[in-house]
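Inspection log for the structure reproduced underneath, given as structure tokens.
There are 2 protein chains.
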Amino acid sequence: MQGKSTLKDLAKILNLSVSTVSKAINDSSEISERTKIKVRNVANLNNYSPNRLAQSLKANKTKTIGVIIPDVMSHFFAKAIHGIETKAIELGYNVVICLSNESLKKETESINTLINGSVDGLIISLSKETQTLQSYDHFESVLDYKLPLVLFDRISKRFSCDKINLDDKLASAEATNHLIKTGCKNIVFLSTMSGTSVGEKRRSGYSIAIKLDDLKERIVNIPNYGLFESTLIEVLKNETVDGIVAANELSAITAIKYALKHGYKIPQDISVIGFTNGILSENFIPSLTVVDQHAEEQGELAAQTLINRIEKKTTAEPVSIILKTTIVERESTRPIYYAK
Amino acid sequence: MQGKSTLKDLAKILNLSVSTVSKAINDSSEISERTKIKVRNVANLNNYSPNRLAQSLKANKTKTIGVIIPDVMSHFFAKAIHGIETKAIELGYNVVICLSNESLKKETESINTLINGSVDGLIISLSKETQTLQSYDHFESVLDYKLPLVLFDRISKRFSCDKINLDDKLASAEATNHLIKTGCKNIVFLSTMSGTSVGEKRRSGYSIAIKLDDLKERIVNIPNYGLFESTLIEVLKNETVDGIVAANELSAITAIKYALKHGYKIPQDISVIGFTNGILSENFIPSLTVVDQHAEEQGELAAQTLINRIEKKTTAEPVSIILKTTIVERESTRPIYYAK
DNA sequence: CTGAAAGCGCTTACAG
DNA sequence: CTGAAAGCGCTTACAG
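See below:
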């Protein structure tokens, strides 16, 4: 009744061997029904439950997966975690989460603490620093150990493993096209995240769509949120702008905010489309048209893919899944039939 | 080079005993410098790192703490997790997170998977269902095992353990007072979370402040977000209302949204104050005056308290810490000097 | 300075 | 049907 009881404790109480008790608890066919009942009673009385650590050590598997993400406070990652957790539990796995806080150093540390037998596999979304520095040495041990690894959302081509992400370039091209179809002619791409692979792809998708339609390309990089208002308004004052593709949710909302403040009407004067279907997009006035990245689905897929790999249910070659995005139309863009 | 190497592997390569290798790696003073160097070299070459599971089993501690929260997608809990993680890592602990999704069943399962040796202690914020059902049987094993436990934010008086929370009643009374000081006379308490301990306390704090000022008490419970607009507008149409204390962030924002839609001016006609200083409060137009619950600080404190308990650095009696909240003034309320 | 032995809590092939 | 033994990967008191 006090502290945790072990098989040994039960064996002593029952006057049986540890082996017998273990088998009885695991409902082995070798053990008589009578003994099983006795053992189970004593086990329940003593609140026995097997030590997971010992089981894991013995079985050489932990039924735990490790997740390393840059940030919990972003809606995208919170949702992705939710998806990972749901799927993992459904498949009988636990989830350990570490935060890299966008730092290469913390990402490295997190990997090191997790790979030493604590988890059966890893789901990682790379930190900004890792991506800008292109430094991947800390993945060597993971690959050496042949520890199953799934990268999602912020991935790298530099090494081979299972990967889940979405076609950000295509998504951004589609977002741009959406604005074009609502009649926009002068579309700006607004980014606060130049440098990340995701930001880069979105910029490039925008450019492709713009060029296909023979429109004028215009990229505005905002170095930080402190300079947001001045940078944006300067552009709106001096150039003709009737559409904005913003590289993420907060920059889209912030753009709308300052545009409204300076007297522009959304979407009548300027249409705005953003990425990530978060709580802000849904509740802001006007609500924001966004590219939904299916965060939860990405999470579920990542978990499923990892567990398939752990349980060797996949082909030897790395899996690479590219999800389709969808556009959620709301009030920050005009309806499509406005076109022409 | 392939798979994980163990002490045994190194010992064989080095022609030494496992004990010697172990001691060399742990830099024991018993071992000669020469041997240490040789061992370290081979260890590095083979990418050796000790199996955490085996270490934990041996040492009977895991240097891991378990966290069970109702929801990651809420800004409050995401921030709290961030605080827990930061402090835990700083003190040399890892963090395992499980989600209860507001369900008693999942909370029970999470506890059961975590207490079997995987963690040295638990930080929990109770699920809604646990609180409404007042069912705490699933905590018996935690208490029996004498596993260190810290409850935060959503706590219970029904059993004894370390607790961190804030004085929600006082906070709500202060929020109400804030509105009074800006000149509001007809203040409504708006809740979508009746039933939770937190919702109840906020209601009661509101009532106290209202009665102290001899104003009229008016509680509006919104059964679900689908009925938000009709319920709210009915009240606004038929009664005089110049202030709203909303029980959480989203209900505050939603109230503003519908009030604006129906022609009310915020804060000129109606002032609104909410709880939780999240991304919505900050970015909405008008931005929302809120009671900041110091989520990150609560998380850090919870981690610190738990680790103190684990490492027996605290008195035997349970610690109970009550944090002060602060009011963040923004655009949804009038300035205080308007009063009188 | 090095090593053999015991033990953390479990499981399982093997004997009886 | 029950039990003794070995082993998962580590650490550490004890001998030499």
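If you read the protein sequences in the order shown, they are chains W and G. Going by the numbering used here, the first sequence opens with residue 8, and the numbers climb by one from there. Going by the numbering used here, the second sequence opens with residue 8, and the numbers climb by one from there. Note that CB positions come from ideal geometry on N, CA and C, so glycine has one too. These numbers come from a predicted model, not from an experiment.
Please identify, using Cβ separations under 9 Å, the residues of the segment 270-301 of chain W that lie next to chain G, in order along the chain. Residues of the segment 270-301 of chain W whose Cβ lies closer than 9 Å to any Cβ of chain G, in chain order: GLY285, ILE286, LEU287, ASN290, PHE291 and ILE292.
Could you name the residues that DSSP lists as bridge partners for THR203(G)? Residue pairing by DSSP places THR203(G) opposite SER201(G) in a beta bridge.
So, is the C-beta of ALA180(W) closer than 9 Å to a C-beta in chain G? Answer no: the Cβ-Cβ gap between ALA180(W) and chain G never drops below 9 Å.
Run through DSSP, which three-state label would ILE334(G) get? ILE334(G) falls in the strand class under three-state DSSP.
For THR296(G) and SER339(G), believed in contact at Cβ under 8 Å, the rounded distance: With 8 Å as the limit, SER339(G) and THR296(G) qualify as a contact, their Cβ atoms being about 5 Å apart.
Determine whether the Cβ of LEU177(W) lies closer than 9 Å to any Cβ atom of chain G. Not closer than 9 Å to any Cβ of chain G, the Cβ of LEU177(W) fails to qualify, so no.
Going by the beta-carbon positions, is the gap between PHE166(W) and TYR143(W) smaller than 9 Å? Yes. Within cutoff.
Please name the residue, chosen from ARG41(G), ILE38(G) and ASN53(G), that lies closest to LEU14(G) on a Cα-to-Cα basis. Residue ASN53(G) is the option with its Cα nearest to LEU14(G).
May I ask you to list, following chain order, the residues of the segment 139-152 of chain G that have a beta carbon less than 8 Å from some beta carbon of chain W? Within the segment 139-152 of chain G, the qualifying residues are GLU147, SER148, ASP151 and TYR152.
Simplified DSSP assignment, three categories, for LYS272(G): Here LYS272(G) carries a coil assignment [DSSP, helix/strand/coil].
So for GLY233(W), helix, strand or coil by DSSP? For GLY233(W), the secondary structure class from DSSP, reduced to helix, strand or coil, is helix.
Nearest-angstrom Cβ-Cβ length linking LEU234(W) and LEU257(W), presumed shorter than 8 Å: Actually they are not in contact, since the Cβ atoms of LEU234(W) and LEU257(W) sit about 14 Å apart, beyond 8 Å.
From ARG209(W) to ASP175(W), what distance separates their C-alpha atoms? Computed Cα separation, rounded: 6 Å.
LEU243(W) and TYR213(W) look like a contact to me (Cβ under 8 Å); what is the Cβ gap, rounded to whole Å? Between LEU243(W) and TYR213(W) a beta carbon distance of about 18 Å is seen, past the 8 Å cut, so the two are scored as non-contacting.
Partners in chain G for THR120(W), counting only beta-carbon separations shorter than 7 Å: Within chain G, the residues near THR120(W) are ASN101.
Show which residues of chain W have a CB atom less than 8 Å away from the CB atom of PRO57(G). ASN123, listed in chain order.
On the three-state DSSP scale, how would you describe THR312(W)? It is helical.
Quick check on ASP169(W): does DSSP put it in helix, strand or coil? DSSP places ASP169(W) within a strand segment (E or B) once states are collapsed to three.
Residues sharing a beta bridge with ASN101(G), DSSP: Paired residue(s): THR71(G).
Beta-carbon of ILE104(W) versus every beta-carbon of chain G: anything under 9 Å? By this cut-off, ILE104(W) is an interface position.
With a cut-off of 8 Å, do at least 3 Cβ pairs link the segment 96-106 of chain W to the segment 133-142 of chain W? By the Cβ rule, the segment 96-106 of chain W does not count as touching the segment 133-142 of chain W, because fewer than three pairs are nearer than 8 Å.
Which whole-angstrom value is the C-beta distance of ILE88(W) and VAL79(G), which I expect to be below 8 Å? Sure, about 5 Å apart at Cβ, within 8 Å.
Three-state secondary structure assigned by DSSP to LEU60(G): Looking at LEU60(G) - three-state DSSP - the assignment turns out to be helix.
Please list, in chain order, all residues of the same chain as ALA180(G) whose beta carbon is under 6 Å from its beta carbon, the five residues on each side excluded. Taken in chain order, the residues that qualify are GLY212, ILE215 and ALA216.
Specify, as a first and last residue, the run of the alpha helix (DSSP H) that ASN228(G) falls within. Annotation for ASN228(G): no alpha helix (DSSP H) segment contains it, though the beta strand (DSSP E) segment containing it runs 226-228.
Per-residue DSSP class, three states only, for VAL79(W): Residue state, collapsed to three classes: coil.
From the DSSP output, in three-state form, read off LEU129(W) for me. Three-state result, LEU129(W): strand.
I'd like the list of long-range same chain contacts for GLU37(W), defined as Cβ closer than 7 Å, with 5 residues on each side in sequence excluded. Cβ-Cβ distances below 7 Å link GLU37(W) to LYS30 in the same chain, with the five nearest sequence neighbours on each side left out; the list follows chain order.
Given a threshold of 16 other Cβ atoms within 10 Å of its Cβ, counted over all protein chains shown, does SER24(G) qualify as buried or as exposed? Here SER24(G) is exposed: its Cβ has fewer than 16 other Cβ atoms, across all protein chains shown, within 10 Å.
Might you give, ordered along the chain, the residues of its own chain that have their beta carbon closer than 7 Å to the beta carbon of ILE343(G), omitting 5 neighbours on each side? LYS188 and THR189, listed in sequence order.
First and last residue of the uninterrupted beta strand (DSSP E) at ILE251(W): Run containing ILE251(W): 250-253, per the beta strand (DSSP E) assignment.
Considering only their Cβ atoms, is the gap separating THR261(W) from ASN374(G) smaller than 9 Å? Since the first residue of chain G shown is 8 and the last is 347, residue 374(G) is not available in this structure.
Any contact of the segment 155-163 of chain W with the segment 310-317 of chain W, i.e. 3+ C-beta pairs under 8 Å? As far as the Cβ criterion goes, the segment 155-163 of chain W touches the segment 310-317 of chain W, which means the pair count is three or higher.
Assess contact between the segment 38-48 of chain W and the segment 62-74 of chain W, defined as three or more Cβ pairs (one per stretch) separated by less than 8 Å. Is contact present? Contact fails: fewer than three Cβ-Cβ distances are below 8 Å.
Would a check of beta-carbon distances place PRO342(G) closer than 9 Å to chain W? The beta carbon of PRO342(G) does not come within 9 Å of any beta carbon belonging to chain W, so the residue lies off that interface.
Reduced DSSP category for LEU154(G) - H, G, I as helix; E, B as strand; rest coil: LEU154(G): coil per DSSP, three-state reduction.
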